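Taking it in order: structure first as structure tokens, then the write-up.
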Amino acid sequence: MVGASPKPGLANVILDNIVSSGFDGNVAAVNPNYSTVCDVGCYRSISEVPFQVDLAVLCVRAENILTVLEECKRSSVGAAQIISSGFADLGSEEGSAKQLEIQRWTKNWERMVVVGPNTIGVVNLHRPMIAVGLTGIPKIVAGDVSGVFQSGQMVATMHPIIGRGIGIGKLATTGNEVSVTTSELINYFAADPQTEIIVSYSEGIKDPEAFALACLSARKQGKPIVMLRVGAHPEVRKAISRHTATPTANNYERDIALLEELGVITVDSVEDLIETVVAFKASSQRPRGNRVAFASFSGGMGNIMADLILSTPSLKLVVFSDQLRKRLADVLPKFSNSVNPLDLSAQSAFDVQVLSNCMQILGESGEFDVLLWGKDLPLSIEDESPVGLALRELATQHPEIVVIPISQMSGIPLRKGVDGSPPMFSGRPLLQGTASSVRAVGKVIAWHASALKSAPPNNRQEAL
Numbered sequence: 292m293v294g295a296s297p298k299p300g301l302a303n304v305i306l307d308n309i310v311s312s313g314f315d316g317n318v319a320a321v322n323p324n325y326s327t328v329c330d331v332g333c334y335r336s337i338s339e340v341p342f343q344v345d346l347a348v349l350c351v352r353a354e355n356i357l358t359v360l361e362e363c364k365r366s367s368v369g370a371a372q373i374i375s376s377g378f379a380d381l382g383s384e385e386g387s388a389k390q391l392e393i394q395r396w397t398k399n400w401e402r403m404v405v406v407g408p409n410t411i412g413v414v415n416l417h418r419p420m421i422a423v424g425l426t427g428i429p430k431i432v433a434g435d436v437s438g439v440f441q442s443g444q445m446v447a448t449m450h451p452i453i454g455r456g457i458g459i460g461k462l463a464t465t466g467n468e469v470s471v472t473t474s475e476l477i478n479y480f481a482a483d484p485q486t487e488i489i490v491s492y493s494e495g496i497k498d499p500e501a502f503a504l505a506c507l508s509a510r511k512q513g514k515p516i517v518m519l520r521v522g523a524h525p526e527v528r529k530a531i532s533r534h535t536a537t538p539t540a541n542n543y544e545r546d547i548a549l550l551e552e553l554g555v556i557t558v559d560s561v562e563d564l565i566e567t568v569v570a571f572k573a574s575s576q577r578p579r580g581n582r583v584a585f586a587s588f589s590g591g592m593g594n595i596m597a598d599l600i601l602s603t604p605s606l607k608l609v610v611f612s613d614q615l616r617k618r619l620a621d622v623l624p625k626f627s628n629s630v631n632p633l634d635l636s637a638q639s640a641f642d643v644q645v646l647s648n649c650m651q652i653l654g655e656s657g658e659f660d661v662l663l664w665g666k667d668l669p670l671s672i673e674d675e676s677p678v679g680l681a682l683r684e685l686a687t688q689h690p691e692i693v694v695i696p697i698s699q700m701s702g703i704p705l706r707k708g709v710d711g712s713p714p715m716f717s718g719r720p721l722l723q724g725t726a727s728s729v730r731a732v733g734k735v736i737a738w739h740a741s742a743l744k745s746a747p748p749n750n751r752q753e754a755l
């Protein structure tokens, strides 16, 4: 950690996170003014560090970065993550000139990977190593969701993702992307056996050809990419010039068209990015189609969800056949209805036999591919509860049907018996919120459909 200091600041937060995350490798601080920082030995320069350095995290003034990079070069450092701002992000000729110097340096010395400048760090929970300038890091949960973000603050998405019971793999922040780009990291994640879902925040694709190859590699590996590409409006593109100064920020329409062509899932908000990740994790297998049924104990939620499903082009709200409606009417209470969306009425909530019979009839119908089960609050569905038993029986007897519970509300409900654990069903997270959940399900189904179409003919049966 170059620029380490006991004083409050990014350098101190990053070093403290590395130490407290349980990283089992060697750690050194570099600052001529201290002998220890965060209980870590502190050295005057990188050359005095008594072990080979794989990663140097640079948190020094912009005007000193080149000098430190030269020290890294002499010590054969493997990679440098530049936290420092003050380059093209300043929007000044001086800042742009400093960034150009860094860019030239990286091209002349390609033996060392340089990420940044203007970043917040890097995370690898499989190590584990948390080297980011964020406070309040949640309990470490390693998983298969990895991400590359031009904005450092986007690393905070690991909080709600982990809070939904989903593990994080690796996160990288690229900032101004003077050398390493989003494309290179997506390409790395595509080949990474510990990554299954890739998320990204982008302010502009700098190298479209390399990006396309990286996305195609991820598609070949069956790994979805969920990207938030900002800059739809000119005012935002101007703001980008003072954030990461991405020169391709004005190519928004081109980038969106490229993303669509490549099968990258685009979202417009952090909430949709998170919910789309949850939707991939909530579905136990690839949906065989886009025919959707919705069931709950609430006619109101059913109407809300029906409007949303009908407004989502990739989804089809099934119209139940007369035969199916009659069979359902025979087993449901008279207060219920037998159309889609199904309102099973509150009376059914406590009757295991009614729920079991209903799910059995639905499963045998073959009239839908996905069952969305509606809940009121984001609380777990207990496996031994009437709903849990009925849904698990449906999933077991008819594995071709994807069962996804959705809570009408999002957040943490204020009620007794809530222990803070993630809402789950059969070990999978629940989707939360009506609109964002339906959008997420629609994007997941559309991605699977496009992946199937793009597969070679001899691979389509395997894809199914």
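Per our numbering, the sequence shown starts with residue 292, numbered consecutively.
Note that CB positions come from ideal geometry on N, CA and C, so glycine has one too.
A quick note: this is a predicted structure, and the numbers were derived from the prediction, not measured.
Pair every Cβ in the region 678-694 with every Cβ in the region 572-582, then say whether three or more of these pairs are closer than 8 angstroms.
Enough Cβ pairs lie closer than 8 angstroms, so yes.
Using a Cβ-Cβ distance cut-off of 7 angstroms, determine whether M292 contacts chain B.
Checking the listed chains, one finds no chain B in this structure; it contains a single protein chain.
Between C506, S647, I488, T535, which lies nearest to A573 when the distance is taken from Cα to Cα?
With distances taken between Cα atoms, A573 lies closest to I488.
Along the beta strand (DSSP E) that carries L519, what are the first and last residues, could you check?
It spans 516-520 - the beta strand (DSSP E) in which L519 sits, taken as one unbroken run.
Taking 7 angstroms as the cut-off, decide whether the C-beta atoms of G590 and D642 are in contact.
No, Cβ-Cβ distance for G590 and D642 is not below 7 angstroms.
Is L670 near P720, with beta carbons less than 7 angstroms apart?
Going by C-beta atoms, L670 is not nearer than 7 angstroms to P720.
Proximity of I305 and G424 at Cβ, strictly below 7 angstroms:
Judged by their CB atoms, I305 and G424 are nearer to each other than the 7 angstroms cut-off.
Tell me whether I431 sits in a helix, a strand or coil according to DSSP, three-state version.
Coil.
What would DSSP say about L349, mapped onto helix, strand or coil?
In the three-state scheme derived from DSSP, where H, G and I count as helix and E and B as strand, L349 is classed as strand.
Is L615 close to the ligand ATP? I mean its beta-carbon at under 6 angstroms from any heavy atom of the ligand.
Absence of the ligand ATP is noted for the structure shown, with no ligands found whatsoever.
For T756, does the count of other Cβ atoms within 10 angstroms reach 16, so buried, or fall short, so exposed?
No answer is possible for residue 756: it lies beyond the span of the chain, which begins at 292 and ends at 755.
Considering Cα atoms alone, identify which of G657, P408, M518 is closest to L391.
For L391, the nearest C-alpha among the options comes from P408.
Using the Cα positions of P624 and L615, report the straight-line distance between them to the nearest angstrom.
Each residue's alpha carbon lies about 16 angstroms from the other.
Assess, as a yes-or-no matter, whether the region 551-571 is touched by the region 729-743 under the definition of 3 or more beta carbon pairs within less than 8 angstroms.
By the Cβ test, the region 729-743 is in contact with the region 551-571, since at least three Cβ pairs between them sit closer than 8 angstroms.
From I547 to G522, what distance separates their C-alpha atoms?
Rounded to whole angstroms, the separation of the alpha carbons of G522 and I547 is 10 angstroms.
Flag this pair as touching only if the region 379-386 and the region 529-548 have three or more C-beta atom pairs under 8 angstroms; answer yes or no.
With a cut-off of 8 angstroms, the region 529-548 and the region 379-386 count as touching, because enough Cβ pairs lie within range.
Cβ-based neighbour list, M650, same chain, cut-off 8 angstroms, excluding 5 preceding and 5 following:
Closer than 8 angstroms at the Cβ level, and outside the excluded window around M650, lie A681, L682, E684, L685.
Contact defined as beta carbons within less than 8 angstroms: I believe T410 pairs with Q372. What is the distance between those atoms, to the nearest angstrom?
The beta carbons of T410 and Q372 sit about 6 angstroms from each other, so the pair counts as a contact at 8 angstroms.
Using the DSSP secondary-structure output, state which residues sit across from D563 in a beta bridge.
In DSSP, D563 forms no bridge with anything.
For N308, which of helix, strand or coil comes out of DSSP?
Helix at N308.
Taking 7 angstroms as the cut-off, decide whether the C-beta atoms of D345 and G369 are in contact.
Taking 7 angstroms as the cut-off, the Cβ atoms of D345 and G369 count as close.
Keeping to the same chain, check which residues put their C-beta closer than 6 angstroms to that of G554; ignore five residues upstream and five downstream.
For G554, same chain residues with a beta-carbon under 6 angstroms away, outside a window of 5 residues either side, are R510, S741 in chain order.
I'd like to know whether the C-beta atoms of D435 and T486 end up nearer to each other than 7 angstroms.
Yes, the Cβ-Cβ distance between D435 and T486 is below 7 angstroms.
Looking at the structure shown, is E475 part of a helix, part of a strand, or coil, going by DSSP?
Of the three classes helix, strand and coil, the one that applies to E475 here is helix, per DSSP.
So for L360, helix, strand or coil by DSSP?
DSSP places L360 in helix when its eight states are reduced to three.
Looking at the secondary structure, which residues open and close the alpha helix (DSSP H) in which G702 lies?
No alpha helix (DSSP H) contains G702, which DSSP labels as neither H nor E.
Runs of alpha helix (DSSP H) lying entirely within the region 590-675, each at least 4 residues, in chain order
Correct list: 590-601, 613-622, 643-656.
Where does Q512 fall in DSSP's three states?
In this structure, Q512 counts as coil in the three-state DSSP scheme.
Taking DSSP's pairing of strands, which residues face N415 in a bridge?
Residue pairing for N415: DSSP places it in a beta bridge opposite M420, K461.
Report all residues from its chain with a CB closer than 8 angstroms to the CB of V310; omit the five preceding and five following residues, and keep chain order.
These residues qualify, in order along the chain: V318, C329, D330, V331.
Using a 10 Å radius around the Cβ and a threshold of 16 neighbouring Cβ atoms, would you call E494 buried or exposed?
E494 comes out buried.
Would you call the CB atoms of L619 and S629 closer than 7 angstroms?
Yes, Cβ-Cβ distance for L619 and S629 is below 7 angstroms.
My assumption, with CB atoms under 8 angstroms, is that L668 sits in contact with S698. Please give the rounded CB distance.
Contact holds; Cβ gap of about 6 angstroms.
Should L564 and V583 be called a contact, given that it needs their Cβ atoms to be closer than 7 angstroms?
The answer is no: Cβ separation not under 7 angstroms.
Which residues in the same chain as P748 place their Cβ atom closer than 7 angstroms to its Cβ, once the five residues preceding and following it in sequence are excluded?
Unreliable positioning characterises P748 in this predicted model, as indicated by a pLDDT of 45, which lies under 50. A coordinate reading is not provided.
For a test of the three-state rule: what should DSSP assign to I737, helix, strand or coil?
Position check: residue 737 holds Ala in this sequence, whereas Ile was assumed. DSSP places A737 in the helix class (H, G or I) of the three-state scheme.
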